[in-house]
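The sequence shown begins at 1010 in my numbering and counts up by one. Think of the CB as a built atom: it goes at the ideal place given N, C-alpha and C, for glycine as much as any other residue. Being a predicted model, the structure only gives us computed values, none of them experimental.
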Amino acid sequence: MDQSRRDRVEAWFRYTDELGLGPYYRDRAAIQDAYIAAVSASGTRLEASLRAAEPAPQAVAAAATPRRSQTQSPVHNAAQKATAAHSVIQASTGASLFDERIEGDTLDLIRDAIGGNCTRCKLHKARTKIVYGVGNPKAELVFVGEGPGHDEDIQGEPFVGRAGKLLTQMIEAMGLCREDVYICNVVKCRPPENRLPEKDEITTCSPFLMRQLAAIQPKVICALGSCASQTMLQTTQGISRFRGEWFDFRGSKLIATYHPAYLLRNPAAKGEVWKDLQKVMAVLGLKAKRK
Ligand code: SF4
1010 MDQSRRDRVE
1020 AWFRYTDELG
1030 LGPYYRDRAA
1040 IQDAYIAAVS
1050 ASGTRLEASL
1060 RAAEPAPQAV
1070 AAAATPRRSQ
1080 TQSPVHNAAQ
1090 KATAAHSVIQ
1100 ASTGASLFDE
1110 RIEGDTLDLI
1120 RDAIGGNCTR
1130 CKLHKARTKI
1140 VYGVGNPKAE
1150 LVFVGEGPGH
1160 DEDIQGEPFV
1170 GRAGKLLTQM
1180 IEAMGLCRED
1190 VYICNVVKCR
1200 PPENRLPEKD
1210 EITTCSPFLM
1220 RQLAAIQPKV
1230 ICALGSCASQ
1240 TMLQTTQGIS
1250 RFRGEWFDFR
1260 GSKLIATYHP
1270 AYLLRNPAAK
1280 GEVWKDLQKV
1290 MAVLGLKAKR
1300 K
């Protein structure tokens, strides 16, 4: 490489480092980890950016549109850098950080694209039915789980087993019904023995989830459990590190909470989940259902 080109490349990397984008160019998965670590360390909360009519912090605004952010002043402190990194991260497994929405995309088109007999990943071998997702195509709130279980595999609908019944109770406690929200999973076919979806399966199937979320454009996405939250936030951090925090996700607000199946095993965690759901209710202007 000639010297002038080398100088230009080095200048570009210095610039992206100043914006907090450097880690993306080296290791895309690590950038969200850096943000989460910074949040955990500093106690920074993004809830401030959710306050009604309050503009997002300058660094968030600067980074929200990465191409435009290049005209903004570089951010300097670690927390701002981390926030900028958080704001530009895209949780798609697609080829580009700046994935475009598919113009005119709809849930029906996405279902057609998946097809009735998808064999793109090995989960197709043991499945009974593909579980696309269910609910309001214009929902303000979307719940995302990891994958179908036994009952879902049989019925072709997400969250209809014991954990699903608990999710329904949670939704109703928020003053909504299942038809008001949209419910889907990271992978659309049941992993054998209810194991966690594997990385290659998530990589293959999650672009359909990203299209679903882009088509619905909900105000709030509630990631249920580690798999869904780690997939969307592109992190390997445990959910307890960032549960209850707000993240910007492609124009939606994303919050992670425990999976209802975890609550069946650990009922004591229900209080933590209810606190998370109350944050969602505050953003959506919902009132708890009267008993
Ligand atoms: S999990 Fe997704 S990608 Fe894999 S076979 Fe099912 S629908 Fe296709």
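Excluding sequence positions up to five before and after GLU1166, its CB lies within less than 7 Å of the CB of VAL1140, VAL1143, all in the same chain and listed in chain order. For the ligand SF4, no non-hydrogen atom lies closer than 7 Å to the CB of ILE1163. About 13 Å separates the beta carbons of ASP1162 and ARG1204, which is beyond the 8 Å limit, so they are not a contact pair.
For CYS1186, no pairing in a beta bridge is given by DSSP. The shortest C-alpha to C-alpha distance from PRO1216 to any of THR1240, ALA1172, GLN1178, THR1177 is the one to THR1240. In its chain, beyond the 5 residues on either side, MET1183 have a beta carbon closer than 6 Å to the beta carbon of MET1290. Here ARG1129 has THR1213, CYS1214 as same chain residues with Cβ atoms under 8 Å from its own Cβ, once five neighbours each way along the sequence are excluded. The Cβ atoms of TYR1267 and GLU1281 lie closer than 8 Å to each other. Closest by C-alpha distance to LEU1286, out of ALA1270, LEU1185, ALA1172, GLY1247, is LEU1185. The continuous stretches of alpha helix (DSSP H) do not include THR1244, and DSSP gives it neither H nor E. Around GLY1170, the same chain offers GLY1158, HIS1159, ASP1160, GLU1161 as residues with beta carbons nearer than 8 Å, after the five sequence neighbours per side are excluded. The set of residues whose C-beta lies within less than 7 Å of a heavy atom of the ligand SF4 reads, in chain order, ILE1123, CYS1127, THR1128, ARG1129, CYS1130, LEU1132, HIS1133, ARG1136, ILE1139, VAL1196, LYS1197, CYS1198, GLU1210, THR1213, CYS1214, PHE1217.
As the crow flies, the alpha-carbon of ALA1232 is around 13 Å from that of TYR1271.
When the five nearest sequence neighbours on each side are left out, the beta carbons in the same chain lying within less than 6 Å of the beta carbon of LYS1296 are those of GLY1184, in order along the chain.
Counting along the chain, TYR1271 sits inside no beta strand (DSSP E); it lies in the alpha helix (DSSP H) bounded by residues 1269-1274. Taking the Cα positions, ILE1180 is about 29 Å away from LYS1208.
If you ignore the 5 residues before and after LYS1284, its C-beta comes within less than 8 Å of the C-beta of GLY1253, all in its own chain and listed in chain order.
Excluding sequence positions up to five before and after LYS1262, its CB lies within less than 8 Å of the CB of LEU1059, LYS1228, VAL1229, ILE1230, TRP1255, PHE1256, VAL1292, all in the same chain and listed in chain order.
Straight through space, the alpha carbons of GLY1173 and ASP1121 are spaced by roughly 25 Å. When C-alpha distances from SER1249 are compared across ILE1119, LEU1222, ALA1278, the shortest belongs to ALA1278. Going by beta carbons, VAL1195 and GLY1247 fall outside the 8 Å limit. The shortest C-alpha to C-alpha distance from ALA1148 to any of LYS1138, SER1238, ALA1223, ARG1015 is the one to ALA1223. Within its own chain, the residues whose Cβ lies closer than 7 Å to the Cβ of PRO1201, once the five positions on either side in sequence are excluded, are ALA1135, listed in chain order. By a beta-carbon distance limit of 8 Å, LEU1175 contacts LEU1273. Their separation comes to about 6 Å. The C-beta distance from PHE1152 to ILE1119 rounds to 17 Å, too long to meet the 8 Å contact threshold. Residue GLN1178 holds the alpha-carbon nearest to the alpha-carbon of ARG1299 among GLN1178, LEU1116, GLY1113, GLY1125. A distance of 8 Å or more separates the beta carbons of CYS1236 and PRO1276. By alpha-carbon distance to GLY1113, the top candidate from ARG1220, ASP1011, GLY1154 is ARG1220.
Assignment of beta strand (DSSP E) within the segment 1133-1205, counting only whole runs of 3 or more residues, yields 1150-1154, 1191-1194 in chain order.
Judged by DSSP in its simplified three-state form, LYS1279 adopts helix. Within the model, the alpha-carbon separation for LEU1116 versus GLN1012 is close to 50 Å. Taking a contact as a CB-CB distance under 8 Å, the pair LEU1150 and VAL1190 counts as one, their CB atoms being some 5 Å apart.
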